[in-house]
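Colleague: Numbering (this note's numbering), first residue to last: 214 to 799. Ideal Cβ placement from N, Cα and C applies to all residues, glycine included.
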Amino acid sequence: MARRRLRRELAAAIFFKIAAIFLLWFWFFGPAQRVHVTPADMAAALARGRSRIKHSKASLMFDHLDVVTLSRLQFALTALYHFLFVPLTLGLSLIIAIMESVYVMTGREIWRDAVKFWGTLFGINFVMGVATGVTMEFQFGTNWAYYSHYVGDIFGAPLAIEGLMAFFLEATFVGLFFFGWDRLTKVQHLIVTWCVALGSNFSALWILIANAWMSNPVGAAFNPQTMRMELTSFLEVMFNPVAQSKFVHTVSAGYVTGAVFVMSVGAYYILRQRHVDIARRSLTVAASFGLASALSVVVLGDESGYTAGENQKMKIAAIEAMWETEPAPASFTLFGLPDLKTQTTKYEVTVPYVLGLIATRSLDKPVEGIKPLVERNEERIRHGLPAYKWLTEQGGRPNARVPAELEDSMRDAGYALLLKRIRGDIENATPQQIHEAALSTIPDVPVLFWSFRIMVALGFYFIALFAVAFYLSSRRRCGRPWFLRLCMLSLPLPWIAAELGWIVAEYGRQPWIIDGVMPTFLGVSGVPASNVLASLLAFVVFYTALAVVDVALLAKYIRKGPHGEEAHAPGASALPEAQPAYDASR
């Protein structure tokens with residue numbers, strides 16, 4: 214009877230979710246909501262330059278803030294807020310699945326208690342992640358309308374699949390995970406738990422496929438008749454090498470976050486002599502899982518470095534503050550002080566060969582420096598100007614066909630668009646202006662340089678931490694106070710490393726929103742700066758409140774513990790109760 218009721222409830226949930234999808238589609242994308250934009254409109258917008266859009270006098274007081282800067286800042290803040298929750302969701306989901314597998318195989322109730330406890334913390338974090346993630350996709354329409362119109366057919370496909378396949382899979386089975394303990398068999402509930410973990414990872418996969426396309430736009434081509442990018446091969450987009458390396462690197466970082474979180478909470482309980490049996494087992498699982506994950510982060514980070522060396526040479530040069538091309542194989546800079554004025558790096562401490570091996574996987578291929586790359590970009594700007602001129606004259610017409618002599622120039626048309634930030638009639642740009650546009654392709658070198666090094670240092674620290682934890686756990690010595698305090702102090706470090714990783718990935722792509730195709734400043738919506746500023750402030754207040762609520766709820770349930778009692782109830786003794794000795798046979 215209970216299983217029949219569960220099936221009815223599940224069918225009703227799926228029905229209402231499908232109905233909600235159609236309702237949202239009709240409301241936001243139905244015919245009544247569409248604004249018809251013709252290819253001629255796109256060509257005209259390209260010709261006049263979207264960075265020159267003027268607004269009403271009411272918004273003049275915000276002109277110094279710049280719509281592009283505010284839009285970038287809003288998306289950056291919402292992404293960084295959202296990514297406070299994503300790594301823990303990825304890591305906890307898999308750790309919970311491993312613990313429940315142990316429960317099903319051994320039948321020991323202590324593992325069931327552990328799964329329920331960590332599942333409660335996972336649920337709190339999952340809900341907060343959903344609340345902060347949904348608004349990010351709406352920003353593509355509100356703040357980045359031109360970008361969405363230009364590449365929506367390509368960029369929207371992975372995001373739609375993420376919502377329809379991964380998120381609904383995850384959301385549906387999360388309900389079964391929490392409410393199915395007494396309605397499902399052990400094996401059925403285990404399958405549900407693994408589906409939750411797989412849904413979390415699939416969600417990350419499709420989002421990172423969309424994100425990676427911005428850095429390496431494969432499987433698409435520009436259509437001069439529609440003045441838009443159009444999909445030519447979904448398989449190329451799906452199996453983008455940047456997406457593959459970014460996915461495995463990102464989810465491994467999430468696993469590290471989950472493992473450090475479990476270790477820190479377990480260490481807290483052991484220090485307080487509360488729930489020691491569950492804490493020790495959780496710490497042991499987190500130590501072994503975390504060690505494998507931390508090693509994977511470093512190995513897969515090397516793969517990310519190689520793909521970036523192939524597709525984003527300026528990012529690699531900026532990360533290394535390498536101003537000139539060095540003889541192969543290039544050295545890796547451990548420490549230095551990049552100086553933007555003199556375009557040099559002072560007090561360098563280098564390790565020979567390392568950068569060359571990471572970025573090129575060879576001993577004879579050079580890693581190009583910033584200055585040679587700027588010179589090459591300057592040539593590409595000049596080379597793309599004839600294609601730009603042809604597009605402003607012929608683009609958007611039903612019979613528009615790129616002349617054979619301009620096909621090579623069309624590949625560099627995106628570089629010519631960099632001049633739009635400097636002047637509207639870019640055909641008449643001076644050599645000085647072209648050089649200025651080429652210089653804008655240099656990201657903020659000090660930010661990338663230090664963000665990357667702090668991230669890498671934390672990565673090696675996690676390997677050492679998990680190695681010590683694994684050794685002490687295997688010797689039944691993980692109760693040492695110095696080690697437990699170290700675990701607790703390490704709690705915020707995975708989030709710092711993850712946020713720095715996103716700064717390196719996204720900040721290093723600037724000034725491009727689509728690498729080599731569309732500059733970031735051309736992708737914004739034609740809205741007043743005051744509107745963006747108001748929504749930015751609202752997001753900051755709302756997301757800060759969510760972060761506070763998330764931390765408060767996590768702290769509350771951690772204090773209660775697996776069995777729901779507070780650490781010290783009012784009137785109770787402040788001394789910890791005696792705990793039974795750790796019995797590995799349980």
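(1) For residue 487, is the classification buried or exposed, using 16 other Cβ atoms within 10 angstroms of its Cβ as the cut-off for buried?
(2) Helix, strand or coil for residue 563? Go by DSSP, reduced to three states.
(3) Within the region 634-705, note down every full alpha helix (DSSP H) run reaching 4 residues or more, in order along the chain.
(4) Bridge partners of residue 725, per DSSP?
(5) Please list the terminal residues of the continuous beta strand (DSSP E) segment that includes residue 618.
(6) Return the residue from the list 701, 762, 772 and 776 that minimises the CA-CA distance to residue 474.
(7) State the Cα-Cα distance for the pair residue 517 and residue 776, rounded to the nearest angstrom.
(8) Given this structure, state the Cα-to-Cα distance separating residue 808 from residue 656, to the nearest angstrom.
(9) Between the region 386-402 and the region 325-341, are three or more C-beta pairs nearer than 8 Å?
(10) Measure the alpha-carbon distance for residue 709 versus residue 719 and round it to whole angstroms.
(11) Determine the contact status of residue 592 and residue 648, defining contact as a CB-CB distance below 8 Å.
(12) Note down the Cα distance separating residue 494 from residue 660, rounded to an integer number of angstroms.
(13) Do you know offhand how far residue 691's Cα is from residue 433's?
(14) If you reduce the DSSP assignment to three classes, tell me which class residue 599 lands in.
(15) Please give the ranges of any beta strand (DSSP E) in the region 425-499, keeping only runs that are unbroken, at least 3 residues long and fully inside the region.
(16) Among all the DSSP beta bridges, which residues are the ones paired with residue 551?
(17) Checking the sheet assignment: what are the DSSP bridge partners for residue 546?
(18) Kindly indicate which three-state DSSP category residue 236 falls into: helix, strand or coil?
(19) State the DSSP-derived secondary structure class of residue 613, mapped to helix, strand or coil.
(20) Return the chain-ordered list of same chain residues with a C-beta closer than 6 Å to the C-beta of residue 479, the five sequence neighbours on each side being excluded.
(21) Check each candidate in 447, 771, 438 and 687 and name the one with the smallest Cα separation from residue 611.
(22) Considering only C-alpha positions, which residue in the set 355, 707 and 606 is nearest to residue 301?
(23) With DSSP collapsed to three states, give me the class of residue 576.
(24) With a Cβ-Cβ cutoff of 8 Å, do residue 430 and residue 727 count as a contact?
(25) Can you tell me whether residue 684 is buried or exposed? The criterion is at least 16 other CB atoms within 10 Å of its CB, across all chains shown.
(26) Looking only at C-alpha atoms, which of 384, 373, 312 and 444 sits nearest to residue 419?
(27) Tell me whether the beta-carbon of residue 471 lies closer than 8 Å to the beta-carbon of residue 304.
(28) Looking at the structure shown, is residue 342 part of a helix, part of a strand, or coil, going by DSSP?
(29) Closer than 8 Å is the cut-off here; do at least three beta carbon pairs connect the region 675-684 with the region 505-515?
(30) Between 360, 321, 320 and 441, which has its C-alpha nearest residue 613's C-alpha?
(31) Please report how far the alpha carbon of residue 358 lies from the alpha carbon of residue 609, in whole angstroms.
(32) Taking all protein chains shown into account, do 16 or more other C-beta atoms lie within 10 angstroms of the C-beta of residue 560, making it buried, or fewer, making it exposed?
(33) How should residue 626 be labelled, buried or exposed, when 16 other C-beta atoms within 10 angstroms of its C-beta is the threshold for buried?
(34) Rounded to the nearest angstrom, how far is the Cβ of residue 548 from that of residue 567, given a contact under 8 Å?
(35) What is the rounded straight-line gap between the Cα of residue 773 and the Cα of residue 767?
(36) I need the DSSP call for residue 525, collapsed to helix, strand or coil.
Modeller: According to the structure shown:
(1) buried
(2) strand
(3) 644-652, 658-687 and 694-702
(4) 732
(5) No beta strand (DSSP E) holds residue 618; DSSP gives it neither H nor E.
(6) 701
(7) 43 Å
(8) As shown, the chain starts at 214 and ends at 799. That puts residue 808 outside it, with no answer to give.
(9) yes
(10) 16 Å
(11) no
(12) 40 Å
(13) 53 Å
(14) helix
(15) 433-436 and 441-444
(16) 558
(17) 563
(18) Only weak support is given to the placement of residue 236: the predicted model assigns it a pLDDT of 45, under 50, and the question is left unresolved by the model.
(19) coil
(20) 492, 495 and 496
(21) 438
(22) 707
(23) coil
(24) yes
(25) exposed
(26) 373
(27) yes
(28) helix
(29) yes
(30) 441
(31) 19 Å
(32) exposed
(33) buried
(34) Their Cβ separation, rounded to whole angstroms, is 14 Å, which puts residue 548 and residue 567 out of contact at 8 Å.
(35) 10 Å
(36) coil
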